Amino acid sequence: MTLEVFLGWADFMLNDKGLQPTTVNIRVRTTRAFIRWCYLENLIDTPIHERFKPIKTAEDTIEVLTISEIKTLLNAFDESTFVGFRDKVMVMVLLYSMIRISELLVMKRGNGDFEAGVIKLEAMNTKTRKARGTSFD
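In this text, residue positions in the sequence shown follow this note's numbering: the first is 33, and each later residue adds one.
Below, the structure written as structure tokens:
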């Protein structure tokens, strides 16, 4: 494996196969990790993984809901049923706290401190594996 082969492969994926830069970057990161392992295990002599970085890509624009869309969403729930009320509360917590749905779904009663107005997320239940809290007062 040489740097030229690696760069040629990335160029082939971008230009000949027409893959998106983000797709190419996923493949490049995985291959770089393997090449790094090969270098550390002395299977290759040159640390080519150090000389190649992922392709720069534009950040996606995050489109947020408008106030009227949020009101429409919240008014769609039937609060007279347990399921409707529960779902509305879940959406409100998601919107207000910006926690991930997976983090909300694994929350326990002890994660909410209603007197302090805080939701505490345990490290083992977060995507980043870091505990954090969010205020909801």
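A virtual CB, placed ideally from N, CA and C, is assigned to each residue, including glycine. In this text, all values refer to a predicted model and were calculated from it rather than measured experimentally.
What residue does the alpha helix (DSSP H) around residue i start on, and which one ends it?
i      : result
Val150 : Where Val150 is concerned, there is no enclosing alpha helix (DSSP H), although the beta strand (DSSP E) it sits in stretches over Val150 to Leu153.
Thr54  : Pro53 to Leu72
Asp48  : Careful: Asp48 lies outside any alpha helix (DSSP H) and carries neither H nor E.
Asp119 : Phe114 to Ser129
If you compare alpha carbons, which of the options is closest to residue i?
i      : options                           : result
Met51  : Gly142, Pro79 and Thr89           : For the record, residue 51 in the displayed sequence is Leu; it is not Met. Taking only the C-alpha atoms, the option nearest Leu51 is Thr89.
Lys120 : Glu135, Ser134 and Thr104         : Thr104
Asp145 : Ser167, Ser134 and Thr62          : Ser167
Ile58  : Val138, Pro86 and Ala108          : Pro86
Lys152 : Glu135, Lys159, Thr160 and Asn143 : Asn143
Arg161 : Tyr128, Arg132 and Asp48          : Arg132
Starting from residue i and walking both ways along the beta strand (DSSP E), at which residues does that stretch end?
i      : result
Ser166 : With the sequence shown as reference, residue 166 is identified as Thr, and Ser is not the correct amino acid for it. Note, Thr166: beta strand (DSSP E), Arg164 to Ser167.
Below 8 angstroms on the Cβ atoms is my guess for residue i versus residue j; work out the distance and round it to an integer in Å.
i      : j      : result
Phe84  : Leu39  : 7 angstroms
Val123 : Leu137 : Actually they are not in contact, since the Cβ atoms of Val123 and Leu137 sit about 13 angstroms apart, beyond 8 angstroms.
Ile76  : Leu35  : About 11 angstroms; that fails the 8 angstroms criterion.
So, is residue i buried or exposed, given that buried needs 16 or more other C-beta atoms within 10 angstroms?
i      : result
Val60  : buried
Met156 : exposed
Ala42  : buried
Ile99  : exposed
Ile94  : exposed
Val56  : buried
Met130 : exposed
So who's on the other strand from residue i, going by DSSP bridges?
i      : result
Gly215 : Any property of residue 215 remains undetermined from this structure, which presents the chain solely from 33 to 169.
Asp145 : Val150
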